[in-house]
Each structure stands twice: as C-alpha cells, then as structure tokens.
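Okay, so here's the structure we're looking at.
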Amino acid sequence: MDTNTLIFLALLLPVLAMFGNMAFAKQDNLRDGFTFVCAILTFGAVLGVLGNLGNSTSEEIVLVEMLPGLQIALQVEPLGLMFALVASGLWIVTHIYGLGYMRGNKEKHHARFFACFSAAISAAIGIAFSANLLTLFLFYEVLTVSTYPLVAHKGTPEAIRGARTYLGVLIGTSIALFLTAIIWTYTLAGTLDFVPGGILQGKVEGLLVPILLGLFAFGIGKAALMPFHRWLPAAMVAPTPVSALLHAVAVVKAGVFTMLKVGVYTFGIDFLADTGASDWLMWIAAYTILASSIVAYQQDNLKRRLAYSTVSQLSYVTLGLALATQMGVMGGALQIAMHAMGKITLFMCAGAIYVATHKSNISQMKGLGRSMPFTYFAFLIGALSIIGLPPLGGSWSKWLLMVGAADADHKIMIGVLMASSLLSLSYLLPVVAQGFFSTSPDNPYNGVKEAPAFCYIPPVFTAIGCVILFLYAGTLVEFLTPMLGVPQ
Amino acid sequence: MATASETPHIALTLRDHLPILQVLIPLCTAPLIVLLGDRRVAWGLAFLAAMLSLVVSFLLMMQVMDGSFISYHLGGWAPPIGIEYRIDAANAFVLLLISLTATLVLPFALRSVADEIPARSHTLFYACFTLVLTGLLGVVATGDAFNVFVFLEISSLATYVLVSQGLYRDKRALSAAYDYLIMGTIGATFFVIGIGFLYMTTGTLNMADMAERLVGQGDNRTVQAAFAFIVVGMGLKVAIYPLHLWLPAAYNYAPSAVTVFLAATSTKAAVYVLLRFMFSVFQPEFVFDTNLLLWILAPFALLAMFAASLIAVFQTNFKRMLAYSSIAQIGYMLLGISLFSVTGLSATMVHLFNHGITKAALFMAVGALVLRSGNTFYDRIEGMGRVMPLTGAAVVLGGLSLIGVPGTAGFISKWVLVQAAFEAGLWWIALLIVASSLLAVIYMWRVVEILYLHTPHPEAIHKEAPLSMVIPMWIAAGACVWFGIDTSLTMGAANTAAIGLMGGTDGMALTPTVGGLLGNGH
Numbered sequence: 115m116d117t118n119t120l121i122f123l124a125l126l127l128p129v130l131a132m133f134g135n136m137a138f139a140k141q142d143n144l145r146d147g148f149t150f151v152c153a154i155l156t157f158g159a160v161l162g163v164l165g166n167l168g169n170s171t172s173e174e175i176v177l178v179e180m181l182p183g184l185q186i187a188l189q190v191e192p193l194g195l196m197f198a199l200v201a202s203g204l205w206i207v208t209h210i211y212g213l214g215y216m217r218g219n220k221e222k223h224h225a226r227f228f229a230c231f232s233a234a235i236s237a238a239i240g241i242a243f244s245a246n247l248l249t250l251f252l253f254y255e256v257l258t259v260s261t262y263p264l265v266a267h268k269g270t271p272e273a274i275r276g277a278r279t280y281l282g283v284l285i286g287t288s289i290a291l292f293l294t295a296i297i298w299t300y301t302l303a304g305t306l307d308f309v310p311g312g313i314l315q316g317k318v319e320g321l322l323v324p325i326l327l328g329l330f331a332f333g334i335g336k337a338a339l340m341p342f343h344r345w346l347p348a349a350m351v352a353p354t355p356v357s358a359l360l361h362a363v364a365v366v367k368a369g370v371f372t373m374l375k376v377g378v379y380t381f382g383i384d385f386l387a388d389t390g391a392s393d394w395l396m397w398i399a400a401y402t403i404l405a406s407s408i409v410a411y412q413q414d415n416l417k418r419r420l421a422y423s424t425v426s427q428l429s430y431v432t433l434g435l436a437l438a439t440q441m442g443v444m445g446g447a448l449q450i451a452m453h454a455m456g457k458i459t460l461f462m463c464a465g466a467i468y469v470a471t472h473k474s475n476i477s478q479m480k481g482l483g484r485s486m487p488f489t490y491f492a493f494l495i496g497a498l499s500i501i502g503l504p505p506l507g508g509s510w511s512k513w514l515l516m517v518g519a520a521d522a523d524h525k526i527m528i529g530v531l532m533a534s535s536l537l538s539l540s541y542l543l544p545v546v547a548q549g550f551f552s553t554s555p556d557n558p559y560n561g562v563k564e565a566p567a568f569c570y571i572p573p574v575f576t577a578i579g580c581v582i583l584f585l586y587a588g589t590l591v592e593f594l595t596p597m598l599g600v601p602q
Numbered sequence: 017m018a019t020a021s022e023t024p025h026i027a028l029t030l031r032d033h034l035p036i037l038q039v040l041i042p043l044c045t046a047p048l049i050v051l052l053g054d055r056r057v058a059w060g061l062a063f064l065a066a067m068l069s070l071v072v073s074f075l076l077m078m079q080v081m082d083g084s085f086i087s088y089h090l091g092g093w094a095p096p097i098g099i100e101y102r103i104d105a106a107n108a109f110v111l112l113l114i115s116l117t118a119t120l121v122l123p124f125a126l127r128s129v130a131d132e133i134p135a136r137s138h139t140l141f142y143a144c145f146t147l148v149l150t151g152l153l154g155v156v157a158t159g160d161a162f163n164v165f166v167f168l169e170i171s172s173l174a175t176y177v178l179v180s181q182g183l184y185r186d187k188r189a190l191s192a193a194y195d196y197l198i199m200g201t202i203g204a205t206f207f208v209i210g211i212g213f214l215y216m217t218t219g220t221l222n223m224a225d226m227a228e229r230l231v232g233q234g235d236n237r238t239v240q241a242a243f244a245f246i247v248v249g250m251g252l253k254v255a256i257y258p259l260h261l262w263l264p265a266a267y268n269y270a271p272s273a274v275t276v277f278l279a280a281t282s283t284k285a286a287v288y289v290l291l292r293f294m295f296s297v298f299q300p301e302f303v304f305d306t307n308l309l310l311w312i313l314a315p316f317a318l319l320a321m322f323a324a325s326l327i328a329v330f331q332t333n334f335k336r337m338l339a340y341s342s343i344a345q346i347g348y349m350l351l352g353i354s355l356f357s358v359t360g361l362s363a364t365m366v367h368l369f370n371h372g373i374t375k376a377a378l379f380m381a382v383g384a385l386v387l388r389s390g391n392t393f394y395d396r397i398e399g400m401g402r403v404m405p406l407t408g409a410a411v412v413l414g415g416l417s418l419i420g421v422p423g424t425a426g427f428i429s430k431w432v433l434v435q436a437a438f439e440a441g442l443w444w445i446a447l448l449i450v451a452s453s454l455l456a457v458i459y460m461w462r463v464v465e466i467l468y469l470h471t472p473h474p475e476a477i478h479k480e481a482p483l484s485m486v487i488p489m490w491i492a493a494g495a496c497v498w499f500g501i502d503t504s505l506t507m508g509a510a511n512t513a514a515i516g517l518m519g520g521t522d523g524m525a526l527t528p529t530v531g532g533l534l535g536n537g538h
C-alpha cells in the first residue's frame with residue numbers, strides 16, 4: 115500500500131476502534147477483541163509507513179484548507195514516525211495490560227474507557243504526522259479533550275478535582291499561550307509548515323525571539339515545564355493504564371515532541387544557537403529536572419512519585435532543545451523513545467501491584483518483591499533505564515545530552531544531568547530494595563500472588579524492550595538524522 | 017451580477033425579484049397565519065416561509081459571493097426617489113444566517129412551544145415569529161435608511177410579544193419583555209433621530225446616496241450628532257456592554273425556541289446595521305479620522321469580554337449563563353470592528369455567523385433540558401448528560417466552539433481576530449482575547465461537569481429529548497464542526513464582505529476591489 119493510505123489507516127483505525135467500543139458496549143469480549151485487532155493493524159500501518167520510507171519521497175497530504183493558505187495537512191518525517199511507532203506499538207501492550215487491569219480491578223464503564231483511549235491514540239498519531247503547526251494544534255487539543263473523561267473516570271470528588279486541574283492547565287496554556295504563539299508566528303512568517311532549518315530566520319529579532327520561544331515553551335503545557343506541570347500529578351487519579359500509556363507516553367511525549375518540532379522546524383537549531391534565545395529555557399529546564407526529582411523523592415504514593423519523575427525526565431527533552439546543538443536535539447529525540455519504554459514499564463508495574471494488593475503507597479510495599487518477582491524485576495529494569503545505566507536504552511539519551519551540553523559549552527548542564535541521575539537512583543531503587551530485602555515482622559503479603567498474567571506480562575515485555583533499544587540506538591540515531599537537516 | 021445602471025427596472029424573471037421576495041414571503045405569511053387561525057397550519061406555513069426564505073437567501077448568496085452586488089428597485093422607482101434593496105456579500109451572509117436559523121428553530125419549536133405555551137396562543141405565536149423573521153430580513157436587505165427603522169420596529173414589537181410568552185413558565189417574562197420594550201424603544205428612537213439628522217443634512221434616505229453626499233461633511237456638527245445617535249441607538253439593540261441590561265432577562269425568560277432564534281439572529285442583525293452605517297454610510301475616513309473607534313469601541317468590547325464572562329462564571333442557571341456569554345461574545349465582534357482593518361472586519365463577520373450557529377446549538381440544548389428537567393438551574397440539570405447523551409454531547413460541542421478549540425467554528429473566529437490584532441501591532445489585545453477565552457473554559461466546563469459527573473435529579477424525566485429537537489440541535493452542532501474545518505463559505509463571504517465594507521462609499525457604489533484576505537502578501 116502507498117504511504118498515504120497507510121497514514122489514513124493509522125489515523126482512522128483507532129477511530130474505528132472507538133466506534134466499535136460504542137457499538138459493542140455490552141459485549142465485553144467482542145469489544146475488547148475488536149480494539150485489539152485495530153491496535154495491531156494500526157501498528158502495522160505505521161510500520162508500513164516506515165517500510166515505504168526508503169522507496170518513496172514523502173509528500174504532503176492536504177486534507178482540507180481550513181483558512182486560505184492554512185491547511186490541515188499530514189506528512190511523514192523521521193521524528194514524527196518514531197513518535198507514531200512508539201505510541202501505536204505501546205498501545206498494543208497497554209491494551210492487553212488494560213484488559214487485565216480493568217477486569218482484575220473491577221473498574222466500571224469499560225466501553226467509555228476504551229473508546230476514549232482509542233480516540234486519544236488517533237490524536238497522538240495525528241500529532242505525529244502533522245505537516246504544520248495548525249494541524250498539530252488541532253490534534254493536540256483533540257488529545258486533551260479525549261483524555262479528560264479518562265482522568266475523570268472514577269467520578270469521585272478527587273477524580274473530578276484532578277480532571278479539572280488537568281483540563282484547566284492544558285487547555286489554559288494551549289489557548290492562552292500556544293495559540294497566541296502560533297498566530298504570531300503565522301503573522302511573522304506567513305506560513306506554519308514544518309521546514310528543516312526553521313521558518314523564522316530573519317523574520318523576528320532581538321528580545322522578541324526569546325519571548326516567542328517562551329510562549330511556545332510554556333504554551334505546550336503537555337511538556338510539563340515548571341510551573342505548568344501540576345496537571346501531570348493531578349492526572350494520576352486516572353486508572354493506571356491511562357497513566358502508563360497516556361501520561362508516560364502519548365500525552366507527555368506529544369508535548370515534548372511538539373517542543374522539538376517547534377525548535378527544529380519552526381525556529382531552527384542554528385537560529386536558536388545564533389540568537390541565544392533558548393539560553394533561559396535551558397535554566398528553566400534544568401530547574402524543572404532537579405526540582406521535580408526532589409519532589410519525587412518526597413512522594414510516598416508510587417504513582418505520584420513516578421509522575422514527578424516524568425516531569426523531570428520530560429525536561430531532558432526540553433533541555434536538549436534549549437542547548438541548541440545537534441547532539442542535544444538528538445539526545446532529546448532519543449529520550450522520547452527511551453523514556454517511553456522505561457516509564458511505561460514502571461507504571462504498569464505500579465498498576466500490577468495495585469491490582470494484586472490494592473496498595474498505592476510505597477511504605478506499604480515492604481517485602482512485596484518476593485511475592486511478585488516478575489513485576490519487581492521488570493520494575494528494576496525500567497528504573498535502571500530511567501536512571502540511565504547501560505545496557506539499557508536510557509543511557510544513550512543521557513549520553514548524547516551530555517555531549518550536546520559539552521558542545522554548547524554549558525558544562526554545568528552535565529552536572530545537572532549527573533545530579534538528576536543520582537536523584538532518580540535515590541527515589542526509584544528504594545522501591546525495589548524495599549520489595550526484596552526489607553521484611554516487617556507482621557508481613558501481610560504472605561498470601562499475595564502476582565497480578566493476573568495480563569497485568570505482569572506486558573511490563574516484562576517492555577522491560578525487554580529497554581534492553582533492545584540499547585542495542586539498536588545507533589539505528590535509531592541514523593534514522594533520525596535527516597531531521598537535523600544535515601547531509602548524512 | 018449586473019448593476020442597476022445596466023439593467024432597467026423591468027425585472028423579467030423570478031430570480032430578479034429575489035431581494036424583495038426575501039422579505040415579502042414571510043411578510044405575507046404572517047397575516048395569512050392569523051386569518052387561517054389553525055395552529056397546525058400556522059406552524060406549517062411558518063416553516064414553509066422560513067424554508068423559502070432560506071432558499072432565497074442561498075440563491076442571493078451565490079450571486080454576490082464574487083464581490084458584486086444586486087440593486088433592486090421597489091416598484092420600479094429608481095433610487096434615490098424609490099426604495100432600493102441592495103444585496104452584497106455582507107448582508108447576504110447575514111440573511112443566510114437569519115433564514116437558516118429560522119428554518120432550524122421551527123422544527124425544534126414544534127415540541128418546545130407545545131410544552132411551554134398553551135395551545136390557544138400557538139397561532140399568534142407563529143404569526144409573531146414570522147413577523148420577527150420579516151423584520152430581521154428586512155433590516156438587513158434594505159438599502160434605505162428609513163426602511164431599516166420600519167423593519168427594526170416590526171421585528172422588535174413582535175419580539176416583545178414573543179418574549180412575554182415565557183410568562184406561562186415564569187411570570188417574570190412579563191417584566192423582562194417590558195424592560196426590553198423600554199430599552200428597545202429608546203434605542204429605536206435614538207436611531208430614528210440619527211436618521212432624521214442625516215436627512216436634514218443630505219436630503220435623502222437612500223443609504224448609497226446618503227454616503228455620497230456625506231463626503232467632506234465630517235466637520236458638520238449635525239452629521240456628528242447623527243453618528244452618535246445611530247451608534248448609541250444601535251448599540252442598545254446590539255447589547256454593547258454596558259447597554260446590555262435588557263438582554264439577560266429577555267433571553268432567560270423567553271420561551272426556549274424564542275431564545276434560540278433571538279440569540280442567533282437579532283443582535284447579529286443589529287451588528288450588521290451598525291457596520292453598514294459606520295462603514296458604508298459614514299465613510300471610514302470620517303469615522304476613523306484619528307482611529308477614534310479603537311479608543312472608544314475597544315474598551316467597551318474588552319469590558320464586555322471580561323466583565324460579562326466573569327458574570328457568566330458565577331451564574332447558577334445554564335440559560336442565564338449563556339445569555340451573559342452572548343454579551344461577552346458581542347465584545348469580540350465589536351473588537352473586530354474597532355481594529356479597523358479588512359482582517360478585523362472579517363473576524364467580526366465570521367464571528368457573527370459562527371457565534372450564531374454555536375449559540376443556536378447551545379440554546380436548543382437548553383430547550384431540550386427544559387423539556388426534560390423543567391428548568392436549567394445547575395442543581396436541576398445535574399447528570400442529565402448521562403440520560404440525554406445526544407443533548408449532552410451537543411452541549412460539549414457547542415461549548416468547545418464557544419471556547420474556540422480548534423476544529424470548531426469558534427476557533428476560526430478567534431484565529432482571525434487574534435491575527436487582526438497582531439497585524440495592527442496590538443499584541444496586548446491579542447493576549448487579552450485569548451485570556452478572555454479562558455473564562456469561557458471555566459463557565460462552560462462547569463456545565464459539562466454538572467451534566468456528566470453527577471447523578472441525575474430524581475424529579476427530572478430521564479429520557480432523551482424527542483428527535484424533532486435533537487435533529488435541529490445536531491444540525492447546528494454539526495455546523496459548528498463543519499464550519500470549523502471547511503471555511504470556504506464562511507471565510508469567503510466574510511472576507512468579501514469585509515473588503516466591501518472597508519471600501520466605504522466605493523464599496524456601495526462601484527465595483528468592489530478584489531483581493532484575498534489571508535493569502536495576501538504571503
């Protein structure tokens with residue numbers, strides 16, 4: 115099939131899954147099986163786009179002209195393709211996991227849950243294949259709105275409050291800042307297309323460049339740059355599959371992906387480097403990395419700890435962009451894939467522990483590792499990848515970021531990255547250590563077994579993924595290089 | 017389309033009579049309804065008239081979409097002696113909005129009116145409804161200043177009656193109608209005083225002729241006074257903040273179907289008249305000599321955007337909240353005018369339409385909620401989204417459009433307006449626009465939470481609204497999405513209209529300049 119058809123399939127299959135969920139709301143197995151088939155086919159379609167990449171030049175597909183000169187258009191590009199692969203690939207894993215979790219945990223409203231989930235995936239793929247900022251913004255907002263019911267899923271006062279924060283911050287920043295930045299960019303450059311090397315060179319100068327960059331950086335609330343990070347911990351009231359796929363992968367990665375896109379294709383790395391417009395952003399990112407690591411350290415609720423860890427890890431990508439060097443940007447791009455694989459593992463483990471024991475606080479999980487060895491081993495692997503130790507994927511992104519920091523002559527950022535690794539070591543590993551080594555005299559977990567297989571196999575699977583990503587990081591770098599606009 | 021000078025006023029086909037048919041069809045239907053006196057026939061006739069109007073306005077729109085205009089001489093008397101009807105992109109667009117809304121509202125009204133108004137009043141209700149339609153279409157179609165006043169009164173008087181029909185549900189509808197009557201009459205009086213002054217100065221009532229004779233009269237005190245009277249008079253009808261006091265009560269206590277129709281059309285027609293007088297009769301050079309309006313209109317517009325939105329946040333009744341939101345949205349339209357550029361006027365024109373369909377969808381949802389839960393106080397409509405999924409989803413879609421989320425019509429309006437602010441170099445206004453739309457997030461999302469995240473009220477009827485309500489509601493809600501993605505009709509018309517209006521007198525008398533709005537220079 116040609117690329118255009120495949121892109122449409124990748125976009126529309128999740129929508130089909132959504133309708134399938136609505137139509138078969140009462141027939142559980144048929145509904146979930148249908149979604150599963152759609153998930154596999156979606157991933158297949160994205161793989162097909164990847165396969166076609168070599169033998170056909172990527173063309174822009176114009177869907178509709180929204181305003182004169184402003185189109186809703188799709189295009190294939192390495193960074194986006196990687197994001198689409200990550201989102202659609204992990205959707206399969208998370209769907210299996212979600213079945214185990216939702217059934218094992220006796221959650222309600224399965225049809226609504228999986229319908230919104232599918233819609234969110236479609237939006238994420240739309241973001242990945244957007245050919246310009248307008249299209250990206252459209253899908254960005256669809257993603258926000260479609261995930262809102264997932265955060266509010268439980269309908270408890272706490273969930274409603276969390277969902278309100280979620281929507282308030284994400285819609286607020288995107289409409290107040292991001293949209294302003296987009297329209298301003300359009301007024302300046304006369305186009306919103308993603309062009310390697312950027313479109314703003316020579317169109318804006320002086321103090322306005324950092325201001326415009328600031329509108330983008332804070333406007334893209336999904337990137338969770340402080341002080342607009344609060345929605346992410348708030349979103350943790352959602353069922354764990356949502357936290358795993360959406361709030362460790364699709365939504366947050368859509369944020370940093372957008373950030374990279376804007377940096378690379380709207381401003382252009384060279385433009386940022388020449389004007390020094392992103393220097394201040396580097397400090398904000400560094401602050402976010404360290405501050406949220408420290409906050410994570412203080413959290414006793416496992417999911418909240420992971421959420422703050424995500425805030426910290428997301429700013430790695432922002433930092434990579436702010437360094438405005440090729441290595442930095444490449445490190446940031448790798449971080450999207452590496453962190454996704456690591457963090458989804460951690461979240462799925464957290465969910466598996468919850469399904470098995472209904473405990474969500476770390477202090478209550480002493481000695482649990484011996485009862486749930488698979489879950490805890492997977493957690494360990496994921497944690498080590500997040501920390502950035504070889505032979506796990508996370509080490510490469512950190513390595514490239516450090517090289518990027520050295521290139522940019524901001525050696526202090528190397529220190530920040532190292533400190534952050536140490537901090538993540540100190541807040542992630544105790545969870546594992548406690549699980550295996552500490553015993554309390556009245557261990558209540560003697561009768562506890564692993565969660566259902568649907569819950570603990572997927573994290574084992576993604577943990578293995580962390581190792582594979584370490585081995586194939588070189589391929590990934592080669593694949594992403596065209597985005598930098600340098601001859602290969 | 018040929019201009020008046022080329023075609024003699026011996027019209028040959030029905031097509032040439034379209035401008036007058038637009039007004040004549042509903043005008044003749046109203047007395048017919050009263051004469052026949054049967055309530056079922058009444059609805060049928062009203063609906064027929066609305067549909068025919070829609071066809072006529074669509075045909076007119078097609079003819080003037082390219083930027084030309086149609087001049088129709090009433091009774092064959094050539095202007096400025098005779099009355100002229102003049103259709104260009106600006107008013108064809110508004111005509112389309114009005115007749116479209118009427119066509120959508122009537123099927124909706126069938127059930128809603130039966131529920132809210134006793135059967136004995138139905139015939140007169142539909143007669144009045146048709147008269148409102150006549151008046152609004154006439155105000156917009158005519159090219160004669162005094163004719164504007166006449167039609168304005170036709171529509172206003174009929175509107176007062178319609179608003180008062182809410183009394184069967186709440187007696188306060190009577191005082192709301194009375195307030196509206198007083199305020200509306202003051203507005204109309206101011207307007208007619210303004211027209212009188214203009215007649216004194218120019219000796220003509222034809223708007224195009226008036227415009228030509230006003231050239232160079234900018235220092236004339238009488239002309240200045242006329243301008244002030246017309247703007248304030250129309251300002252009352254538009255409900256420019258702080259001249260809005262009649263609006264919340266009128267919208268709130270009127271029968272649901274009436275609110276839908278009023279919210280989507282009546283203030284919009286008034287905005288159109290304001291635009292027509294500001295830009296076509298008085299020329300922009302006179303009005304905007306020192307860009308006066310930016311400093312007079314913009315503060316009121318911003319005040320409306322923030323104050324009315326804030327008031328909306330604290331409402332406890334969905335219907336009343338939407339009324340305040342309308343006042344805020346009128347602020348956006350005024351802001352577009354005050355920016356005084358083609359882009360700014362395009363924003364006003366396109367928002368006129370987009371806000372019309374958005375509010376139509378939302379107020380229809382209100383009507384459906386009234387039918388099932390009795391009223392729309394927040395504690396009464398709790399959880400209704402669960403038992404009325406289609407109505408609930410329409411509220412969500414309309415709400416997203418009101419906020420201006422991409423993929424909805426409201427986004428297009430906001431985009432063009434912010435762009436106009438940036439083009440004018442007024443970045444702080446751009447920021448204020450987006451900031452005010454955050455208030456819309458708050459007041460709309462409060463309703464969404466109430467509709468979905470609570471258990472339904474035990475006394476409410478737990479059933480979806482009848483199809484006769486849901487279908488028109490969803491046509492409007494679907495239009496919010498459609499015109500948020502495919503904007504060729506709306507932006508095309510708004511752009512042509514804006515270019516025509518910015519052309520001032522030239523825009524009325526000669527072949528308009530041709531150009532593109534957004535693609536220009538890029």
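Respectively, the protein sequence lines represent chains A and B. Taking this note's numbering, I'd label the letters of the first sequence as residues 115 to 602. Taking this note's numbering, I'd label the letters of the second sequence as residues 17 to 538. Cβ atoms here follow ideal geometry from the backbone N, Cα and C, with glycine treated the same way.
Secondary structure of A:Y430 (DSSP, three-state): helix. Straight through space, the alpha carbons of A:R419 and A:V409 are spaced by roughly 8 Å. Within chain B, I501 and D502 have C-beta atoms less than 8 Å from the C-beta of A:V178, given in sequence order. Within its own chain, the residues whose Cβ lies closer than 6 Å to the Cβ of B:R188, once the five positions on either side in sequence are excluded, are Y269, listed in chain order. Look at B:E398: its C-beta is not under 8 Å from any C-beta on chain A. B:V72 and B:F63 have their C-alpha atoms spaced approximately 14 Å apart.
Leaving aside the five residues that flank B:T364 on each side, the residues in its chain whose CB is nearer than 6 Å to its CB run, in chain order, M349, G352 and I353. Only those residues of the stretch 447-476 of chain B whose C-beta falls short of 7 Å from the nearest C-beta of chain A are listed: L447, V450, A451, S453, L454, V457, W461, E465 and L469. When DSSP reads this structure, A:Q185 sits in a beta bridge with A:E179. Contact between the stretch 412-427 of chain B and the stretch 378-393 of chain B is present, with at least three C-beta pairs closer than 8 Å. Interface annotation, B:W431: in contact with chain A, CB-CB separation under 8 Å. In the assembly as shown, B:M216 is an exposed residue. Its beta-carbon has fewer than 16 other beta-carbons within 10 Å.
Per the coordinates, the alpha-carbon of A:M455 lies some 37 Å from the alpha-carbon of B:W431.
Straight-line spacing of the CA atoms in A:S474 and A:Y541 works out to 15 Å. Taking the Cα positions, B:A339 is about 11 Å away from B:V276.
If the five residues before and after B:G420 are omitted, its C-beta is found closer than 6 Å to the C-beta atoms of G426, F427, K430 and S453, all from its own chain and listed in chain order. Here B:T359 is near B:A436, since their CB atoms are less than 8 Å apart. Residue burial annotation: B:Y142 is buried, with at least 16 other C-beta atoms found within 10 angstroms of its C-beta. Listed in chain order, the non-local C-beta contacts of A:Q440 below 6 Å within the same chain comprise L598, local neighbours out to five positions each way being set aside. Rounded to the nearest whole angstrom, the C-alpha separation of A:F197 and B:I312 is 50 Å. If you check the CB distance, A:G214 and A:C569 come in under 8 Å. Assigned with DSSP and collapsed to three states, B:F330 falls in coil, not helix or strand. Chain order gives the chain A residues near B:M507 as L181 and P182, where near means a beta carbon separation below 8 Å. For A:L120, the CB contacts under 8 Å within the same chain, skipping 5 residues up- and downstream, are A159, V160, G162, V163 and N166 in chain order. Burial check for B:W59: the Cβ neighbour count within 10 Å reaches 16 or more, so the residue is buried.
A:L321 is classed as exposed because its beta carbon has fewer than 16 other beta carbons within 10 Å across all chains shown.
Near chain B, meaning a CB-to-CB distance below 8 Å, the residues of the stretch 296-310 of chain A are I297, W298, Y300, T301, G304 and T305.
One thing to note: A:F584 has its Cβ no nearer than 8 Å to the Cβ of A:S485. Using a Cβ distance threshold of 8 Å, A:V176 and A:V363 do not count as a contacting pair.
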